[in-house]
Every structure is written in C-alpha cells, then in structure tokens.
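Engineer: Below is a structure I'd like to ask you about.
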Amino acid sequence: MSTQQGQDAKFFQRGKIEEFRAELQAAEAKDKKYQKRKTVLKKIVANITMGNDMSPLFHDVIQCIGTPLLEIKKMVYLFLVSYGRSKPDQIHLVIPSFLQDCSDRNPLIRALAIRTMSYIPIPVVTEALGDQLRHCLKDRDPYVRKTAAICVAKVYTADPRKAERKGFVELLRDMLIDENATVVANAVAALSEIGDRQDGVIFKLNLTIANKLLGALGESSEWGQIYILDSLLRYVPEQHADAEMMAERVIVQLQHANSAVVLTTIKALLYLMNYIGDRRLIDYICRKMGPPLVTLLSSGPEVQYVALRNILLIIQRRPTVLKNDVKAFFCKYNDPIYVKLAKLEIMYRLAREENAREVLAELEEYASEVDVDFVRKAVRSIGRLAIKVEPAADKCIESLLKLIETKVTYVVQEAVIVTKDIFRRYPGKYEGIIPKLCENLDALDEPEAKAAMVWILGQFADKIDNADELLDDLVYSFLDEPAEVQLALLTAVVKLFIYKSQSEVTKALVHKVLKWATEDIDNPDLRDRGFMYWRMLAMNPAVAAEIVLAEKPAITTDSDRMDRGALDQLLLHTGTLGSIYHKNPETFIRNAAGRALIDSPALNANSRAVLVTLARPQLPPTVISVSGPGPVEPTRPSQPGEAADNVPLPTIMESSRSDERDLLDIEGDDGAGGDSGEGYPDGDDDGPVTKAADPYASWVVRLVVT
Amino acid sequence: MAIDGLIILDPAGRPIIQSSYTTYPAAYPLLHIEALNNALAKALREGSVDPVIYIGELSCSSACCHVEVGGMRFVATISGDADPLIAFAFLDCFIEILQDYFGIVSVATLKDNFDIVYQVRGHFSKETLDSSGHPLTTSPNALSDIVLSPSLISKLLASVSPATPGASSFGSNGAGGAFTSPIPWRKAGVRHNHNEILFDIVEDMRGIVGKNGATLVSNVFGKIESNAKLSGTPDLTLTFANPNVMMECAFHPCVRLQKWTRDNALSFVPPEGRFILADYQYRPPQGALISNVPMPLSLKANMDMGEFGGTFALTLTSRSIKVMENLELKFYLGEDATSAQCTLTKVCFATSSFCPKNHSRQTLRWEILNMRSSGSWILRGSWTSKIKAPRPAHAFQIRFEIPSYSFSSLKVDQLRLSSETYKMYKGVRMRSKGSIEWRW
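Here it is, written out as structure tokens:
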C-alpha cells in the first residue's frame, strides 16, 4: 500500500488536460487488462475531486464506456455525473451505451446506468430514461428497484408534470407494498420528497397502507424506518381508535438505538396524540417519551444540541414530558456554549414551585462562571424565574441583590434589566431595593440596562426622593444616547413632571427634554412622542397624568408562550431544521412545503380551535412576490416589538418593553421565538384556546393529481 | 430534503475533498465553506460554534452540519428541511469507516489515500445516500459489502485477473447480500473458521457534585458493545442474572423487542463485526435515588483566592474497591492566569501549560495513572494571574477509568445459540469510566 499512497499524492496536480488526453489515446493500444486506462481515469477522477474542470476530456473519456470492467465503467459514469449536463450537444453519443447497460445482466450496472441517467436532466437522456426506468421499477432485483424508486424522485424534480403523465407516481405507489423492505422505504422516501415539493402531488396514506408500512418497519434499516415513521404524518386518523392503535404500534421504536429514529418516533407520536381521545394513553405516551430524550443527552454535543432544541418545543406543548427531569439539564462547565444556552432555557421552562430551589441554586452557580454570554443569560433566567414562580420570587430577589453587589458590570446590568420586570410583576412588593439599584447607576453603560433603570426612576419617581437629581444627571448626555435610552428618558422625565409638577427643577427638566426631542432629534419616533407628550401636557395635564401613569397590564409568563397553533405546526417538523430554528421550514427553505394538522373527526377540539390551514382558496392562487432588489422575504407579519414602538402611546410603548425574547433565538426573531413559561396545559380539553393569526402561512398553489 | 454533499476542510479551513455539487451553482459549496470559516473565526473559543449553521444566501437556503476530527472539519451540507441528526449520524459513520481504514484520520492520511476516501465517499454517498441524498445504509457491516476495503483495492490493482475476490463481490451476483438478504443488517452466507462473539459492557458515569460535596446529579449510562464473527444465521439469546439493573434500554434493530418486554432476554440475530447491542441506564437498587449513583472518589478542595493569583490544596480520596486508572483532574485557571506551581505527595504527574488565546491551555492537569482503592493523594500549589481578581473556573473536571468493573454489576447469565450447530467462543468483559464535575 505504501507505494500506492506515494503515487496517489502525485495525482493532485493541476492543468493536465492535454497530458491526460494523450495518455488515454496511448492506452488504446496494448492495454493489458485495461490497467493503463484505469490509471488515467483515476487521475482524472482525482482532479474532479479537487474541483479542477475536466470537462474538455468529455469526448475522450466516453470512449471508455464500453470497457468491460466495472471499475472503469464506474469512473466513466462518475465523470458523466459531473459533466454530462454541461454537454447537451455530445450527450447523445453515450445514449446507446446507457441503453445497453440498462439491460445488462449485472443488476449493479443496471442500477448504475439509470442512476447516472437520472442525474443528467437533458431531454434526450430523460426521453431515453423513461422506458428503462419503468422496466427497472419492476426489475426482479431489489437493488435495481430501490435505485429506480429514487430515480423517479429525480425525474420528478426535472419535470413534475411529465413524470406524472408517464405514470411514475402510480408505479411508486405500487412499490409501497413491495416484498423487500428496503424498496418500500425508498419508495416512501421518493414519494415523501415529491410530496414535500410545493408543486408536487399530495402524498397521503390511508389506514391500510399505513398499517402495511408499519409492518415493514421491523425489517427495514434504520433509515428506512425513519422514512416510514415520518410518512405516518401523512396519514390522518379518522377515529380515535385508529390513532391509538397506531401509537401503540409505534411506541416500541422509542427503544431504538439510533437517535434519529427515536426523534422521528417522537414526532410521529406527538402527531398521533392530536387524534387520540384517551387521556390515560396520552399520559402514558408522554411518560414514555421522557427517558429516550434524556438518553439523547448522553451523545456528542452536536446531537445534544439538536435534541435540546427539540425538547424545548416538545415541553411547551406537552409539559408533562420531562416534568421531573430538570436535573438532566444542569449545565457542566465544559459543555459547549450552545449546549449550555439551550439547557438553560429548558431549565427555566421546567422550573416549578417544587424544583425552584434547585434550579435557582444552579443558576446562581452559573452566574459566577467565566463565559460572559452564559453569565448574562443565567442572571436573566433568575429574574424570569422570579416572574414565573411566585413562591420563589423572594429568593430570586435575594440572589439578584447578591449579584449586584459583585459589581461585575455585565452582571449588574443584566440584574437591573430583569429587576424592572419583577417590579411590574409584583407591584408594591420589592420597591425597597430601589436605593440599591441607584447605587449602581454609573456602572450602566448598555442601552438596555440604562433604559431599564431610567424606566424604574420614572415609574417610581414619587418614591425616590432624589429622582429629579438622578434624572437630571442622566439627561445631561441625552443627545448622545441611543434611541432606546432617549425614549426611556423622555417618558421618565414626563412621569417625573406629573408626579412633581410643582417643582421648578422638574419643570425645567421636562421642558429641556421636550425641546430636544422635538427640535434636535431626527428620529421620528422620538420626535412624535415628544410632540404628543407636549400637547397632552399643554392641553390637559390631568388627562395626561391619567394616560401616562395608567395602570400597566401585569406581566405574566404568558407573553413568552409560543402560539399553540404555530407550536402544533412546528412539532410536525420535529427533528428537522425547522425545529432547530423554531421556524416553519417554508418560511426559510426554498421550495419546502408547509405542514399543518389536518382536520378529521378524531382531531381533538383544542387542536381544531387553533388549526392552521395551509390551503387558502379565497386568496389569489399564486405566490405573491414583490419585485425589487434583494431576496424576497417569506411572508411574515410585522414583529410585535416594532409594531408597538411605532404606536405613539406611552403605555403601549412600555408594555412592549416587557417582551421577552427567546434566549436562544439566533435570529432575534420575536415572531417565532415567543417562548412560554408554563407551556400549554396538557389537557387537550381544558379551557378554550384562542385562535391566533397564523404567522407563517405561505400561500401557494398546490396541484393535486390522482 | 436531504444531505447533498460532503466537504472536508483542513485545519486552515481550505477544502481537501468535496463532493461534486453537480446540481448546484458553483458557488454553493464555497458559500458553505465561507460561512463555516466565518463562524469559526468569530467564535471566542473552541467549541462555541453552533453545530448546525444555516445559510440563506444565494437563495440556496441550506445548512451545514459540521464536526471536528483531528483538526479537520467534516461538513455535511443539507438542503431542505432535512433532519440534522441524519447528517451527524452520517458523518460519524463516515469518520468511523475512515478510522477503520487508516487508523488515524489526519490531513496526511487523507491526502495520501485520496482515492480510497473518494471511493468511500463516492460509494458511501451513492450507496448510502443515493442520488438525492437519502441515507440508506450506514451500518458499516452492510457497507463493507459495497465499498471496497483498501486491502481489496490493492488486491484489485495488483491482480491481473478481474476474477479476484474483490472483483467478484461486484460480479454477476451483483449487489451482494446486503440488499437481497432477508435480514437488512446481516448479509447472507457469512462463513468463519473460528466462530466467536465478544461482549464489552462499558459503563460511563456522568455527574455533578455541588459546592457542599453533595452529589447534584450522577447517572451511569451503559453500553453493550459486541463483536460478532459468526457463520450462517446465528440466532442468539442472551440472558442476564440481574436484568433489573438496566432501565431505559435502547437496542440495535436486531433485538426482538417483544421478547425483551416479555422475559427480559435479548433475542437477536447479530450483524457481522462490531455493533452496539444495547444502551441502558443503570437503575440503582431499591431505595437509592435515581440520578444519584454514589461517586467512586471524593475531592476536598481548599481554595484561597488572593489578589493576582491564589493557592489551592486538593485532596483526592478513592472510595472505589477497584483500582482506578488514568485519573485526570483538570482545573481551568482563567484566561489571565500566567503560571502555576505545585507540589505532590505521591507519585503522579501534574502539568500546567500556558498559551495565550487558547482556552484549553490555561489549565492545570493532575494525572494519577494508578490509584489504589484506598488512600489519599494531595496536590498543593499556587497560581498567578495578570489581573487583580482572578476568575478561575469554579469546577474541577475529573475523568477516570476503572477496568474490570461495572457500576451496575450487570451479569450475563447465559448465551444460547440456536439455528446453527457449531460451537462458538463467547467472551464478556467489563469496563467503567467516568467524568465528573466537582464544584467548589
């Protein structure tokens, strides 16, 4: 092998087209057992690997296609896969060889031939492939059949309507009852791929076929199992009993060693649970899902990350899953940061009165760590815990005060931000700590923390003796502050004025700030708000006081719940990219088709109440695209935060401050990242759930064939 | 919606090998490489880049899943709403096969054996991913049927006659056993002169100990690793003397789940070669708390933090009845640490290495190669730091191994072979290891 290795390294050389051509020509003579040709082809393939363009050799390489040696054939086919599509004028030369290989005695060659042909979307080739593919779909060798099944998906991609006319979809459907499990799995995979296209036929399963597929589950490879389990989402149970029977058959797959199989099984179960009526069975399934999810956490960090992002979704919809397993999510010092952040979010979600003490102790531990990002999130989680679990609030405040005493600037800033929300959640309870916060005024240099502190000063200006002095100091740099802080200052100064309208100092202060806001500032939000305050104060100070100091809506953890309908929809994508980014794939993946629960008599009432429908016949049946520069954004509603900030009403503006973002939300996207404290009550039959607007609907034509 | 290609990057972020992305624009792989390199460059420290990176540019909307091996990055690009777990399983398996072939996976071995890598990749992604990127087989056993091992390739190259064993596996009997065999994980017609099956019971303890020395959480995850070299279609039944120590079991697809549920026996027809028969979690005996398996060691840390540094005295005591090996304690001294000195009471090693900008380097390592079942080891020392209030890690990372031991004392009772008549050699070994975070 050693000499072989030495030679191989030499193959990595560029610019050898002429040399290769000459070598290939030389190899035509006296080529004992085709050794020469093989060596040259190997060099050419090596160059393809390197990304060097070998297409000028097209004519020379295809001369070798007839060589009766599998290795050479494979390399020529590899070459064709790479450059076939770029040679539409020469490709006809290869077609006879293709056809010959399609009826070769060796199934491997037959499969190789149709596979390669399906890679070359040039009309002559596709034309020739049609009949061959039809034969291969019924080949006696399962290897050829399974390859053919996948080729159909390829052919379909090239021209959906043509593939339908040729009846390939029906042929694929017939393969669902093939005797060989691998063939069945591939047929399912191909049909799923077709069904996932926006312009594809809709792939649905009926009870009989779904049961047949479940029967093939045992004999399939793990990947086959994944396709089959995933395809169960295309079966809509008409009766509770059907869904229950299916769930019971699927549940054993939770004991699979392959994490992807486990996650797909969970996806199928979560889906079926929407159609199950028996509460005890639902509870049983939820209990069964916990341990395999915890087991995923003993894998490598990459798998852990995928698992954690999914768990975050699952526990919002089914809070009983993992209810008692918060310890499994305790962070270790040397976990990668993305794992830590994901675990932290889950710990917060799993926190309840019973385990709040343990969770708080952990969070305190994390707040003393080295990683700045993580520490910030930990501090913020302490505050969120106080808001979520009332009995733990005292302890959380204690711990926040301790953290403020550390004087580590970023810790103090985070603590101030969350304290503001705690004040709103428990009015009149913790204002005693305001002096402590004021001591750290100078340490605040981040806009969010500063704005939070300014809000506190304004809101409680009547309780803080020297509020006017403090605000006066802060206003000093008004014109240099970021907009966020300017807005907060403006409102705070107005509040101060309303509280202490007799004081000359405050009068001067509010006048100064209003003048700045309306005359020296270009930001329309700030200017408009300035004008509005000014007029209100000028026209009727009493009403102004009522409006500005109106009672704020209480902060609850409801605000960070994900919309139930959207959640139901996202869970149909468990395990996939959509579940990692917590967005429906059709909003960020080109050509992805959306999924939604489908109504049936068995669908439980609450899921139906929030049902998101994909097909919207009343809307224009085309994709609405806006021309202009830049990529077209998928349909999305304006973000709640922005919307609120544009409305010039101080009370609303403040309530928008309370928006909490998903700690892990990479894109900073409130639309999808609204997170939940409690999750949805597991009872599918308790309390009405309001139907929220569907933020992700993308309106697309779907063509239904068959 | 599938894996559409594979890229291998060298430590400098340059591609060594990549799939031919024929159906994509030429910029497609480059976009992925660039996005990954950018993310890595931006990362403050190792291991802080999300393992799945979304790429929305050029309307290609795909993602790359990456893992690091031997300094290189193995990147699987996926398009559509694919399952990243499949991509990671695929990468793991691919790397495992390369390791099987080359021993060490490094830039040098890959470059020297590019044709094998390419073959493996080519066949691998052809046979396992198929043309549109659907993974079909990643079991190495089934793959060896389709992908030529290096020895077979060299045989092929050396041979004059195409009818060598290697070639014949591609001969007229075609796709071989893997797809025609009635059992998807086992090829038909395997023959061995010497039949044997070996089981390794490997248990891994993972725990966190709090400041007060109380165990916050500790779990033992076990695996039954097997290596089967058995002829024909052997139908095995494995029973345990104490199956109740296992909970939350997960099995290789070959295990008949119903039989396990009914009589706690593992009944299976094994694949050829190495495979993991079962994963489980240790269920401590009645009365003991779950997630609170006792630690086999204890650590007492006296830390004294001063200005510009601090001192420490660590006392490590074994509570295990068995000898612990390769015990390693790591203590990250903070990014501003500049040096450390320590003294030892018994024969062991302590090293500390310093290298600015590299997180893993400002770490004190204390190694005890062989730790007897009783007695204490003490490490005293001090470290210095550039800043006034040093911020070392508040936890020690401890790793250890305990050979011929299992936390659960899981015991194999019997292994019966039916459906074949030959005698086989059976072997069971135990091994335990642990990684514990000890906070102070």
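Same order as they appear, the protein sequences are chains A and B. So for the first sequence, the numbering used here puts the first residue at 1; every next one is plus one. So for the second sequence, the numbering used here puts the first residue at 1001; every next one is plus one. Every residue gets a Cβ at the ideal spot worked out from N, C-alpha and C, and that includes glycine.
1. Output, in sequence order along the chain, the residues in the segment 334 to 354 of chain A whose CB is closer than 8 angstroms to any CB in chain B.
2. In chain B, which residues lie less than 7 angstroms from A/I266 when you measure between Cβ atoms?
3. What residues in its chain sit with their C-beta under 8 angstroms from that of A/L437, if we drop five residues either side in the sequence?
4. Using a Cβ-Cβ cutoff of less than 8 angstroms, which residues in the same chain neighbour A/V303 once the five nearest sequence positions on both sides are dropped?
5. DSSP state of A/R608, grouped into three classes?
6. Nearest to A/L293 by alpha carbon, out of A/K267, A/Y348, A/V183?
7. Return helix, strand or coil for B/A1214, following the three-state DSSP convention.
8. Would A/Y305 pass as an interface residue toward chain B - the criterion being a Cβ-Cβ separation below 7 angstroms?
9. Under the three-state reduction of DSSP, which class applies to B/H1192: helix, strand or coil?
10. So, helix, strand or coil for B/W1438, using DSSP?
11. Listed from N- to C-terminal order along the chain, which residues in the segment 253 to 283 of chain A have their beta-carbon within a distance smaller than 9 angstroms of any beta-carbon of chain B?
12. Using a Cβ-Cβ distance cut-off of 7 angstroms, determine whether A/V370 contacts chain B.
13. Where do the N-terminal and C-terminal ends of the beta strand (DSSP E) with B/E1325 fall, by residue?
14. Mapping DSSP to helix, strand and coil, what is A/N523?
15. Check A/L619 in the structure and name its three-state DSSP category.
16. Is DSSP giving B/I1223 helix, strand or coil here?
17. How big is the Cα-Cα spacing for B/P1270 and B/C1254?
18. Might you give, ordered along the chain, the residues of its own chain that have their beta carbon closer than 6 angstroms to the beta carbon of B/P1084, omitting 5 neighbours on each side?
19. DSSP on B/N1302, reduced to helix/strand/coil?
20. Contact defined as beta carbons within less than 8 angstroms: I believe B/E1401 pairs with B/M1324. What is the distance between those atoms, to the nearest angstrom?
21. Quick check on A/G578: does DSSP put it in helix, strand or coil?
22. Using a Cβ-Cβ cut-off of 7 angstroms (strictly less than) and excluding sequence neighbours within five positions of A/R527, which residues of its own chain qualify?
23. Among the residues of its own chain, which have a CB less than 7 angstroms from the CB of A/L401, if the five just before and after it don't count?
24. Can you list, in chain order, the residues of its chain whose CB lies under 8 angstroms from that of B/S1298, leaving out five sequence neighbours each side?
25. Would you say B/Q1397 lies against chain A (beta-carbon separation less than 7 angstroms)?
26. Starting from the Cα of A/D568, find the closest Cα among A/A554, A/R535, A/D599, A/P427 and give me that residue.
27. Determine whether the beta carbon atoms of A/S103 and A/I65 lie at a separation below 7 angstroms.
28. Do B/T1384 and B/F1308 count as a contact pair if the criterion is CB distance below 7 angstroms?
29. Which residues mark the beginning and the end of the alpha helix (DSSP H) in which B/V1049 is found?
30. With DSSP as the reference, label B/A1395 as helix, strand or coil.
31. Tell me which residue opens and which closes the beta strand (DSSP E) that B/V1075 is part of.
32. I need the straight-line Cα distance from B/V1049 to B/L1036, nearest angstrom please.
33. Determine the DSSP secondary structure at B/H1032, reduced to helix, strand or coil.
34. Looking only at its own chain, which residues have a Cβ that is under 7 angstroms from the Cβ of A/R376, when we skip the five neighbours before and after it?
35. Is any beta-carbon of chain B found at less than 7 angstroms from that of A/L577?
Structural biologist: Looking at the atomic coordinates:
1. N334, P336, I337, Y338
2. The residue you call residue 266 of chain A lines up with position 266 of the first sequence. Within chain B, no residue comes near A/I266; the closest Cβ sits about 12 angstroms away, beyond 7 angstroms.
3. Within the first sequence, numbered from 1, the residue matching residue 437 of chain A stands at position 437. Same-chain partners within the cutoff: I404, V416, T419, M453, I456.
4. Residue mapping note: residue 303 of chain A aligns to position 303 of the first sequence, counting from 1. Here the set comprises S259, L296.
5. The sequence position of residue 608 of chain A within the first sequence is 608, counting from 1. DSSP places A/R608 in helix when its eight states are reduced to three.
6. As a working note, residue 293 of chain A is residue 293 in the first sequence. Nearest option by C-alpha distance: A/K267.
7. Position 214 of the second sequence, counted from the start, is the residue given in the question as residue 1214 of chain B. The answer is coil: DSSP assigns B/A1214 none of H, G, I, E or B.
8. To locate residue 305 of chain A, count along the first sequence from 1; it is residue 305. Taking Cβ atoms only, chain B reaches closer than 7 angstroms to A/Y305, which makes this a yes.
9. The residue you call residue 1192 of chain B lines up with position 192 of the second sequence. Reduced to three states, the DSSP call for B/H1192 is coil.
10. Taking the second sequence and counting its residues from 1, one reaches residue 1438 of chain B at position 438. Note: B/W1438 maps to strand in three-state DSSP.
11. Q253, L254, Q255, H256, A257, N258, S259, A260, V261, V262, L263, T264
12. Translated into the one-based positions of the first sequence, residue 370 of chain A becomes position 370. Chain B contact via Cβ: present.
13. Position 325 of the second sequence, counted from the first residue, corresponds to residue 1325 of chain B. Looking at the DSSP string, the run of the beta strand (DSSP E) that includes B/E1325 is 1324 to 1332.
14. Looking up residue 523 of chain A in the first sequence gives position 523. Looking at A/N523 - three-state DSSP - the assignment turns out to be coil, as it is neither helix nor strand.
15. Taking the first sequence and counting its residues from 1, the one referred to as residue 619 of chain A is at position 619. Unreliable positioning characterises A/L619 in this predicted model, as indicated by a pLDDT of 37, which lies under 50. The coordinate reading is nonetheless provided below. Three-state result, A/L619: coil.
16. The sequence position of residue 1223 of chain B within the second sequence is 223, counting from 1. This sequence places Lys at residue 1223 of chain B; Ile is not what is there. Looking at B/K1223 - three-state DSSP - the assignment turns out to be strand.
17. Residue numbering aside, residue 1270 of chain B sits at position 270 when the second sequence is read from its first letter. Residue numbering aside, residue 1254 of chain B sits at position 254 when the second sequence is read from its first letter. Going from the Cα of B/P1270 to the Cα of B/C1254 covers about 6 angstroms.
18. To locate residue 1084 of chain B, count along the second sequence from 1; it is residue 84. If we look at B/P1084 and ignore the five residues flanking it on each side, its Cβ neighbours are V1052, C1065.
19. Within the second sequence, the letter at position 302 stands for residue 1302 of chain B. The answer is strand: DSSP assigns B/N1302 an E or B state.
20. Locating residue 1401 of chain B in the second sequence gives position 401, where the first residue counts as 1. Locating residue 1324 of chain B in the second sequence gives position 324, where the first residue counts as 1. That pair is a contact at about 7 angstroms.
21. By 1-based counting over the first sequence, the position of residue 578 of chain A is 578. Three-state result, A/G578: helix.
22. On the first sequence, residue 527 of chain A is found 527 positions in, with the first residue counted as 1. So the list reads A517, T518, I521, once near-sequence residues are dropped.
23. For the purposes of this step, residue 401 of chain A is taken as residue 401 along the first sequence, with counting starting at 1. I433, K436, listed in sequence order.
24. Within the second sequence, the letter at position 298 stands for residue 1298 of chain B. Same-chain partners within the cutoff: G1213, L1316, T1317, R1319.
25. Along the second sequence, read from residue 1 onward, the residue named residue 1397 of chain B stands at position 397. Yes, its Cβ sits closer than 7 angstroms to a Cβ of chain A.
26. By 1-based counting over the first sequence, the position of residue 568 of chain A is 568. Answer by Cα proximity: A/D599.
27. Reading the first sequence from its first residue, position 103 is the one you call residue 103 of chain A. Reading the first sequence from its first residue, position 65 is the one you call residue 65 of chain A. Not in contact: A/S103 and A/I65 (Cβ atoms no closer than 7 angstroms).
28. Translated into the one-based positions of the second sequence, residue 1308 of chain B becomes position 308. Translated into the one-based positions of the second sequence, residue 1384 of chain B becomes position 384. Yes, the pair counts as a contact, with Cβ atoms nearer than the cut-off.
29. Against the second sequence, residue 1049 of chain B aligns to sequence position 49. Careful: B/V1049 lies outside any alpha helix (DSSP H) and carries neither H nor E.
30. On the second sequence, position 395 is the one that residue 1395 of chain B refers to. B/A1395: strand per DSSP, three-state reduction.
31. Here residue 1075 of chain B refers to the residue found at position 75 of the second sequence. Its beta strand (DSSP E) spans residues 1072 to 1079.
32. Taking the second sequence and counting its residues from 1, one reaches residue 1049 of chain B at position 49. Taking the second sequence and counting its residues from 1, one reaches residue 1036 of chain B at position 36. For B/V1049 and B/L1036, the distance between alpha carbons rounds to 9 angstroms.
33. Numbered from its first residue, the second sequence carries residue 1032 of chain B at position 32. Here B/H1032 sits in helix by DSSP.
34. Position 376 of the first sequence, counted from the start, is the residue given in the question as residue 376 of chain A. For A/R376, where only same-chain residues beyond five positions count, the Cβ hits under 7 angstroms are Y410, E414.
35. In the first sequence, residue 577 of chain A corresponds to position 577, counting from 1. Chain B contact via Cβ: present.
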